[in-house]
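Numbering follows the numbering used here, in which position 77 of the sequence shown is assigned residue number 210; successive positions increment by one, without gaps.
Let me begin by presenting the structure, written as structure tokens, before commenting on it.
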Amino acid sequence: MRSSPLRDQTGTEVAATVEEAAERLVTLWGQAQQAVATRVSPSQLQALAIVHRHGQINLNGLAAELDAMPSSASRLCDRLQAAGLLARTASLSNRREVMLALTRDGQRLLTEVSSIRRRALSQVLQGMSGPGREALLAGLTEFAASAEQSPGIAQQEHRA
């Protein structure tokens, strides 16, 4: 039987336990992406999520958050626009700047993915005890706050 990770002062066992849980979470996310895979690739879904988070973003901003060249981001946007998921408009403040926003179909797709994810998470959470769910929520809230304060992680989150 595994010793309690909380007794490990170095945090190595805690990190391993968190990693195992994160791998399962990534699997749930992957299943939601597979449900819409015929319509968009994972990178396209990531781009739509970034645009959604910003409401509107310029092409260079999207490229930076994707950690991609603007020309690559532009081609990705070409495909999303052709699929009717993304709209491009000229910026009101700078006509040379291209602004990106979700279309209704793009919003619907993200809502569908989110719904699939939440159903899967809900199913897993129902298998947990009430105190376990409360402890998980408290721990994740504190984890997110700590990650936001950690050097390098906050900047990466805004690019992802």
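No residue lacks a Cβ here, since even glycine has one placed at the ideal position from N, Cα and C.
When only Cα atoms are considered, Gly265 and Pro203 end up about 45 Å apart.
Distance between Ala180 and Asn191, taken at the CA atoms: about 12 Å. DSSP, reduced to helix, strand and coil, places Ala201 outside both helices and strands of the structure shown, so it counts as coil. Leu178 is positioned such that its CB atom lies no closer than 7 Å to that of Ala253. About 6 Å separates the CB atoms of Leu219 and Leu235; that is less than 8 Å, so the two are in contact. For Asn191, the three-state secondary structure derived from DSSP is strand. In the assembly as shown, Glu198 is a buried residue. Its beta-carbon has 16 or more other beta-carbons within 10 Å. When beta bridges are read from the DSSP output, Leu235 appears opposite Leu219. In terms of CA proximity to Gln189, Leu233 leads the group Arg237, Asn227 and Leu233. Annotation: the continuous alpha helix (DSSP H) that includes Arg266 extends over Gly263 to Gln282. Around the C-beta of Ala206, 16 or more other C-beta atoms lie within 10 Å, and the residue is accordingly described as buried. Distance from the CA of Arg186 to the CA of Ala165, rounded to the nearest whole angstrom, comes to 19 Å. Nearest to Ser247 by C-alpha distance, out of Gly163, Glu153 and Arg157, is Gly163.
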